[in-house]
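**Student:** First, the structure itself, so that you have it in front of you.
Number of protein chains: 2
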Amino acid sequence: MKKRVLLRIISLFLSVLPTVSLFSQTKPDIDEDALFIRQIHDVALTQSNCYPWLHFLTKKIGARLAGSPQAAAAVEYTRQMLDSLGLDSVWLQPCTVPHWVRGEKEIVRITQSDMGSVELHALALGNSIGTGEAGISAEVVRVMGLDEIEKLGEAKIKGKIIFFDRPFDATKINTFEAYGGAVDQRGNGPSEAAKYGAVGVLVRSMASGINDVPHTGGLIYREGLPQIPACAISTNDAELLGRLMKKSQVKVFIRTNCEMLADQHSYNVIGEIRGSEHPNEIIVVGGHLDSWDVGEGAHDDGAGCVQSMDVLQLFKRLNYKPKHTIRCVLFMNEENGLRGGTAYGDEAKRKGEYHLVAIESDRGGFVPRGFTVDGETAIFADKFPKMQAWSNVLEPYNLTIKKGGGGADISPLKKQNTLLIGYEPDSQRYFEYHHTAADVFEAVNKRELELGTAAMTSLIFLLDKYGLN
Amino acid sequence: MKKRVLLRIISLFLSVLPTVSLFSQTKPDIDEDALFIRQIHDVALTQSNCYPWLHFLTKKIGARLAGSPQAAAAVEYTRQMLDSLGLDSVWLQPCTVPHWVRGEKEIVRITQSDMGSVELHALALGNSIGTGEAGISAEVVRVMGLDEIEKLGEAKIKGKIIFFDRPFDATKINTFEAYGGAVDQRGNGPSEAAKYGAVGVLVRSMASGINDVPHTGGLIYREGLPQIPACAISTNDAELLGRLMKKSQVKVFIRTNCEMLADQHSYNVIGEIRGSEHPNEIIVVGGHLDSWDVGEGAHDDGAGCVQSMDVLQLFKRLNYKPKHTIRCVLFMNEENGLRGGTAYGDEAKRKGEYHLVAIESDRGGFVPRGFTVDGETAIFADKFPKMQAWSNVLEPYNLTIKKGGGGADISPLKKQNTLLIGYEPDSQRYFEYHHTAADVFEAVNKRELELGTAAMTSLIFLLDKYGLN
Numbered sequence: 001m002k003k004r005v006l007l008r009i010i011s012l013f014l015s016v017l018p019t020v021s022l023f024s025q026t027k028p029d030i031d032e033d034a035l036f037i038r039q040i041h042d043v044a045l046t047q048s049n050c051y052p053w054l055h056f057l058t059k060k061i062g063a064r065l066a067g068s069p070q071a072a073a074a075v076e077y078t079r080q081m082l083d084s085l086g087l088d089s090v091w092l093q094p095c096t097v098p099h100w101v102r103g104e105k106e107i108v109r110i111t112q113s114d115m116g117s118v119e120l121h122a123l124a125l126g127n128s129i130g131t132g133e134a135g136i137s138a139e140v141v142r143v144m145g146l147d148e149i150e151k152l153g154e155a156k157i158k159g160k161i162i163f164f165d166r167p168f169d170a171t172k173i174n175t176f177e178a179y180g181g182a183v184d185q186r187g188n189g190p191s192e193a194a195k196y197g198a199v200g201v202l203v204r205s206m207a208s209g210i211n212d213v214p215h216t217g218g219l220i221y222r223e224g225l226p227q228i229p230a231c232a233i234s235t236n237d238a239e240l241l242g243r244l245m246k247k248s249q250v251k252v253f254i255r256t257n258c259e260m261l262a263d264q265h266s267y268n269v270i271g272e273i274r275g276s277e278h279p280n281e282i283i284v285v286g287g288h289l290d291s292w293d294v295g296e297g298a299h300d301d302g303a304g305c306v307q308s309m310d311v312l313q314l315f316k317r318l319n320y321k322p323k324h325t326i327r328c329v330l331f332m333n334e335e336n337g338l339r340g341g342t343a344y345g346d347e348a349k350r351k352g353e354y355h356l357v358a359i360e361s362d363r364g365g366f367v368p369r370g371f372t373v374d375g376e377t378a379i380f381a382d383k384f385p386k387m388q389a390w391s392n393v394l395e396p397y398n399l400t401i402k403k404g405g406g407g408a409d410i411s412p413l414k415k416q417n418t419l420l421i422g423y424e425p426d427s428q429r430y431f432e433y434h435h436t437a438a439d440v441f442e443a444v445n446k447r448e449l450e451l452g453t454a455a456m457t458s459l460i461f462l463l464d465k466y467g468l469n
Numbered sequence: 001m002k003k004r005v006l007l008r009i010i011s012l013f014l015s016v017l018p019t020v021s022l023f024s025q026t027k028p029d030i031d032e033d034a035l036f037i038r039q040i041h042d043v044a045l046t047q048s049n050c051y052p053w054l055h056f057l058t059k060k061i062g063a064r065l066a067g068s069p070q071a072a073a074a075v076e077y078t079r080q081m082l083d084s085l086g087l088d089s090v091w092l093q094p095c096t097v098p099h100w101v102r103g104e105k106e107i108v109r110i111t112q113s114d115m116g117s118v119e120l121h122a123l124a125l126g127n128s129i130g131t132g133e134a135g136i137s138a139e140v141v142r143v144m145g146l147d148e149i150e151k152l153g154e155a156k157i158k159g160k161i162i163f164f165d166r167p168f169d170a171t172k173i174n175t176f177e178a179y180g181g182a183v184d185q186r187g188n189g190p191s192e193a194a195k196y197g198a199v200g201v202l203v204r205s206m207a208s209g210i211n212d213v214p215h216t217g218g219l220i221y222r223e224g225l226p227q228i229p230a231c232a233i234s235t236n237d238a239e240l241l242g243r244l245m246k247k248s249q250v251k252v253f254i255r256t257n258c259e260m261l262a263d264q265h266s267y268n269v270i271g272e273i274r275g276s277e278h279p280n281e282i283i284v285v286g287g288h289l290d291s292w293d294v295g296e297g298a299h300d301d302g303a304g305c306v307q308s309m310d311v312l313q314l315f316k317r318l319n320y321k322p323k324h325t326i327r328c329v330l331f332m333n334e335e336n337g338l339r340g341g342t343a344y345g346d347e348a349k350r351k352g353e354y355h356l357v358a359i360e361s362d363r364g365g366f367v368p369r370g371f372t373v374d375g376e377t378a379i380f381a382d383k384f385p386k387m388q389a390w391s392n393v394l395e396p397y398n399l400t401i402k403k404g405g406g407g408a409d410i411s412p413l414k415k416q417n418t419l420l421i422g423y424e425p426d427s428q429r430y431f432e433y434h435h436t437a438a439d440v441f442e443a444v445n446k447r448e449l450e451l452g453t454a455a456m457t458s459l460i461f462l463l464d465k466y467g468l469n
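Have a look at this one:
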């Protein structure tokens, strides 16, 4: 054996040492945990790949709505990247996805108003039908919520375009609460309006700011009701439309060219490090690989995907050998169907897999705030307090553990007694990018993204080391 | 009296009610405090003026280095805005400021290297002398810190251009620590190099990212040493220069056209609401009005100025009548002389004014993290624990109170037994904008800015209501 090789072996051995020592005891050791979490952050901030991965996903592939060629490219790219990490296994989990296409750019135009004709900044809502070549033209009725539709009734709704204009509540400190207080207009507004004979729907964009950027997002057509076309307009244009309607009757022309095509085959992309002691207890970490068809899906949810991949890479770089199986899952079709999340949950149930915990990062690549925890009542009551005991070692990184949502893709696991955890970055800027052309690589900060990876890796380390029993 | 006027009076009375009730008791009331802090946030997020003020300061005035016409415009603009708030008094406090000008754009060019000639992204350091029309040309010596200069000595330094290349430590979670670990190269490097005969200095930009943006900032020429010209180069160019120097000797040409002109008259801008119970106990809140001469001084420190002005406006809007005098001070010349802060401290001492506390916002307009507190040992030991008792009511807004720095402008008050508080926004992105052409209005997020105003107003409300004795 040459001296060089011997030195390399010694050096490898030494580099493994801190990890090995972590398992030389059974009781929690705050100092040792703090040291390892410090190492996680050091490596994340200096050697992680999440940022260049995100660059490829956003700039070389771009928007990747389920069913699109770009979604297939994203599957292949992330599979290759996971394959390069030396994991125990990497595979694709099939799922069937809807295939909605926007078609030629939509037109939303005020055709009659105090200001005459005005072109609006608009995006057809995802899953919406198109208007057909001729478009639709009708008087606009403005409402502030679904309940107003019922009050107005068929007499005032029939033949009209309904404009849902309830804004975000700016006083909510967490912008997701403001989103939650407005998004029913986008999801359910079109069917609710159609029930009373409306011919089309406009929705004020689900946005925290006032500007010209329209935000798309999914609508859900209710069974048994007519399907009518629906568009989001920018918040600036919503303000304008509201003002004009106070002065005189306003008519709007809408032409959208979107359509729902036949379902396509697609995949969740999965990679795992098999647990050394509890291989059948799985810790999932994931985000969703699909995005809307505008922008580049950088914050939503390229960030969550590359962070989840990076968690596994960090553990490999640190020579950490988990006790539990740690599995990265990049879900397909969160945006307009949740077929990937559903397929994952179904297969887990069919195979009788046990998921100790599932963590999702799907709130953007912003600076970490902490984690929100969810679960069936008994599971939550049992396990949440155990997690809170780790607050001390997470505090130097400004990470808190609170009750709150998990994530859409992992939600099917809730009934399977899995504790669900949502990674929580700061929320202030998210709804300026969400579902827009502005959600591009440049909107993500490298350090903030990397700190998110480090936060998730740190929590998973604690979950793996101490379990939750 | 007309019915309309009567109704208005009743409505005004009702609007004052919640404030009045705050003073109907003497013991701390957490529920009532929580309610008022909630109101502060509601008003800040829906009615505050800090964002449009910042727009004017950055887009209509722009960069405003001390001594420049734009600095005078900023004085006049903010005085007018404070005048419009119905404060008890608004005035200008004179100070004399240095007047440094950059002159024609600097040139920093590699003239001899493995890659041949390469133009670098550079900015002369503030206060630096110029090279003269002919420029300077010399071989480059790379060092990682001031101590290396002494080791190399005159033999290796004389006649050379010294390149200080120690980067930010990316593993520091708070980027101000990384800045603190590198900035001596910019501030003291030029004089240290001149001591051993160097003819010029290049400094790796004080930046957390790797890109093409050079960061300027002040140098301090030490008395009795030769003054030599100094420039910052972008981090990308620092990496390039470092790589090229490993391959072969590198020569660089520098031409800068900056000069220090005669001192100018300028002002701190001050406005106050006089205290109802303790008018002679002053709470200062401030930022600095000057900025570097590139970009628009949006984060540094337009944000801190408009937030400080907005604190007074919020109290007026909420009909809050403070017990202590609350004074907004917009300091002049923080960047290259601290003359405004010094003048303020001197006058306070001369007049025997007592400042209970001084709060500075000079770390950018990012999302709030909390406050850092500083003071002379006895003052700090006495007052800091009292502040920590307010953590509960600040926690819903993600605000923490920790030991740490106050701010440069308020630092002269430290010896006058004033507790110093630094408003602490999140630090991750600050050193991508700090002292650069990228520090523009668009880099500041409206909600994040407003939340900062609300955070400072909330803390000042508590300081005013309960005092620190």
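Chains as they are written, first to last, in our numbering: chain X, 1 to 469; chain E, 1 to 469. Beta carbons: idealized from backbone N, C-alpha and C, even for Gly.
(1) Does residue 473 of chain E come out as helix, strand or coil in the three-state DSSP assignment?
(2) Compare the C-alpha of residue 325 of chain E against each of E/306, E/83, E/284 and name the closest.
(3) Is the CB of residue 236 of chain X under 7 angstroms away from at least one CB in chain E?
(4) Spell out whether any CB of chain X is found under 7 angstroms from the CB atom of residue 429 of chain E.
(5) Is residue 220 of chain E helix, strand or coil when you go by DSSP?
(6) Report yes or no: is there a C-beta of chain E within less than 7 angstroms of the C-beta of residue 454 of chain X?
(7) For residue 209 of chain X, which option in X/201, X/220, X/236 has the closest C-alpha, if you only look at C-alpha atoms?
(8) Locate the alpha helix (DSSP H) running through residue 50 of chain E, then write down its first and last residues.
(9) Residues in the stretch 159 to 171 of chain X with C-beta within 7 angstroms of chain E's C-beta atoms, listed in sequence order?
(10) Quick one: list the residues of chain X neighbouring residue 367 of chain E, beta-carbon separation under 7 angstroms, in chain order.
(11) If contact is defined by three or more beta carbon pairs under 8 angstroms, each pair taking one atom from either stretch, is the stretch 347 to 363 of chain X in contact with the stretch 409 to 418 of chain X?
(12) Check whether the Cβ atoms of residue 474 of chain X and residue 192 of chain X sit closer than 7 angstroms, and answer yes or no.
(13) Three-state secondary structure (DSSP) at residue 258 of chain E?
(14) Taking 7 angstroms as the threshold (C-beta atoms), are residue 44 of chain X and residue 376 of chain X in contact?
(15) Taking Cβ positions only, does residue 46 of chain X come closer than 7 angstroms to chain E?
(16) Kindly say whether residue 445 of chain E, judged by its beta-carbon, lies nearer than 7 angstroms to any beta-carbon of chain X.
(17) Taking the Cβ atom as the reference point for each residue, do residue 314 of chain E and residue 457 of chain E lie within a distance shorter than 7 angstroms?
(18) Taking a Cβ distance cut-off of 8 angstroms, strictly less, list which residues of the stretch 394 to 406 of chain E are near chain X, in chain order.
(19) Comparing C-alpha positions only, which one of X/241, X/188, X/33 sits nearest to residue 222 of chain X?
(20) Classify residue 127 of chain X as buried or exposed, calling it buried when 16 or more other Cβ atoms lie within 10 Å of its own Cβ.
(21) My output table needs one value for residue 480 of chain E: the three-state DSSP class, helix, strand or coil.
(22) Of all the CB atoms in chain X, is at least one closer than 7 angstroms to the CB of residue 448 of chain E?
(23) Would you please verify whether the beta carbon of residue 114 of chain X is less than 7 angstroms from any beta carbon of chain E?
(24) Considering only C-alpha positions, which residue in the set E/407, E/282, E/117, E/247 is nearest to residue 272 of chain E?
(25) What alpha helix (DSSP H) runs, 4 residues minimum, are completely inside the stretch 168 to 201 of chain X?
(26) Could you confirm whether any beta carbon from chain E is found closer than 7 angstroms to the beta carbon of residue 300 of chain X?
(27) Please report the distance separating the alpha-carbon of residue 26 of chain X from that of residue 395 of chain X.
(28) In chain order, what residues of the same chain have a beta carbon less than 8 angstroms from the beta carbon of residue 138 of chain E, not counting five sequence neighbours either side?
(29) Quick one: which chain A residues come within Cβ less than 7 angstroms of residue 205 of chain E?
(30) Near residue 354 of chain E, which residues of its chain fall below 7 angstroms by C-beta distance, leaving aside the five closest residues on each side in sequence?
(31) Which of the residues in the stretch 171 to 186 of chain E, read from start to end, lie with their CB under 7 angstroms from any CB of chain X?
(32) Between the Cα of residue 42 of chain X and those of E/147, E/57, E/174, spot the shortest distance and give me the residue it belongs to.
(33) Would you call the CB atoms of residue 263 of chain X and residue 65 of chain X closer than 7 angstroms?
(34) Label residue 68 of chain E either buried or exposed according to how many other C-beta atoms from any shown protein chain fall within 10 Å of its C-beta, with 16 as the threshold for buried.
(35) Please look up how many angstroms separate the CB atoms of residue 215 of chain X and residue 436 of chain X, rounded, as I've assumed it's under 8 angstroms.
(36) Three-state secondary structure (DSSP) at residue 370 of chain X?
**Tutor:** The relevant details are as follows:
(1) Nothing can be reported for residue 473 of chain E: it is not among the residues displayed for chain E, which extend from 1 to 469.
(2) Of E/306, E/83, E/284, the residue nearest in Cα terms is E/284.
(3) Chain E, which has no Cβ nearer than 7 angstroms to the Cβ of residue 236 of chain X, makes this no.
(4) Taking 7 angstroms as the CB threshold, residue 429 of chain E lines the interface with chain X.
(5) Here residue 220 of chain E carries a coil assignment [DSSP, helix/strand/coil].
(6) The beta carbon of residue 454 of chain X does not come within 7 angstroms of any beta carbon belonging to chain E, so the residue lies off that interface.
(7) Of X/201, X/220, X/236, the residue nearest in Cα terms is X/236.
(8) Counting along the chain, the unbroken alpha helix (DSSP H) around residue 50 of chain E starts and ends at 50 to 55.
(9) Taken in chain order, the members of the stretch 159 to 171 of chain X whose beta-carbon sits within less than 7 angstroms of a beta-carbon on chain E are 170, 171.
(10) Against residue 367 of chain E, the close residues of chain X are 426, 428, in the order they occur along the chain (beta-carbon pairs closer than 7 angstroms).
(11) The stretch 409 to 418 of chain X is in contact with the stretch 347 to 363 of chain X.
(12) Because residue 474 of chain X is not part of the residues shown, which for chain X are 1 to 469, the question remains open.
(13) Residue 258 of chain E: coil per DSSP, three-state reduction.
(14) Going by C-beta atoms, residue 376 of chain X is not nearer than 7 angstroms to residue 44 of chain X.
(15) Output row for residue 46 of chain X: interface = yes.
(16) At a cut-off of 7 angstroms, the C-beta of residue 445 of chain E has a neighbouring C-beta in chain X.
(17) One thing to note: residue 314 of chain E has its Cβ within 7 angstroms of the Cβ of residue 457 of chain E.
(18) 396, 397, 398: these are the residues of the stretch 394 to 406 of chain E whose beta carbon lies less than 8 angstroms from some beta carbon of chain X, given in chain order.
(19) Among X/241, X/188, X/33, the Cα nearest to that of residue 222 of chain X is on X/188.
(20) Under a 10 Å Cβ-count criterion, residue 127 of chain X is classified as buried, with 16 or more other Cβ atoms of the shown protein chains found around its own Cβ.
(21) With chain E represented from 1 up to 469, any question about residue 480 of chain E goes unanswered, as that position is not in the structure.
(22) At a cut-off of 7 angstroms between beta carbons, residue 448 of chain E contacts chain X.
(23) Residue 114 of chain X does not count as touching chain E.
(24) The residue with the shortest Cα to Cα distance from residue 272 of chain E is E/282.
(25) DSSP runs (the alpha helix (DSSP H)) wholly in the stretch 168 to 201 of chain X: 175 to 180, 184 to 195.
(26) Chain E, which has no Cβ nearer than 7 angstroms to the Cβ of residue 300 of chain X, makes this no.
(27) Residue confidence for residue 26 of chain X is low, a pLDDT of 47 falling below 50, so the modelled location carries little weight; the figure read from the coordinates is stated next. Straight-line Cα distance between these residues: approximately 23 angstroms.
(28) Exclusion of the five residues before and after residue 138 of chain E leaves 159, 160, 161, 199, 200, 251, 252 as the residues of its chain whose Cβ lies within less than 8 angstroms of its Cβ.
(29) You won't find chain A in this structure, because its protein chains are X and E.
(30) 280, 281, 282.
(31) The residues in question are 171, 173.
(32) Cα-wise, what sits closest to residue 42 of chain X is E/174.
(33) Not closer than 7 angstroms, so no.
(34) Buried, because 16 or more other Cβ atoms sit within 10 Å of the Cβ of residue 68 of chain E.
(35) Right, the Cβ-Cβ distance comes to about 5 angstroms (below 8 angstroms), so this counts as a contact.
(36) It is a strand residue.
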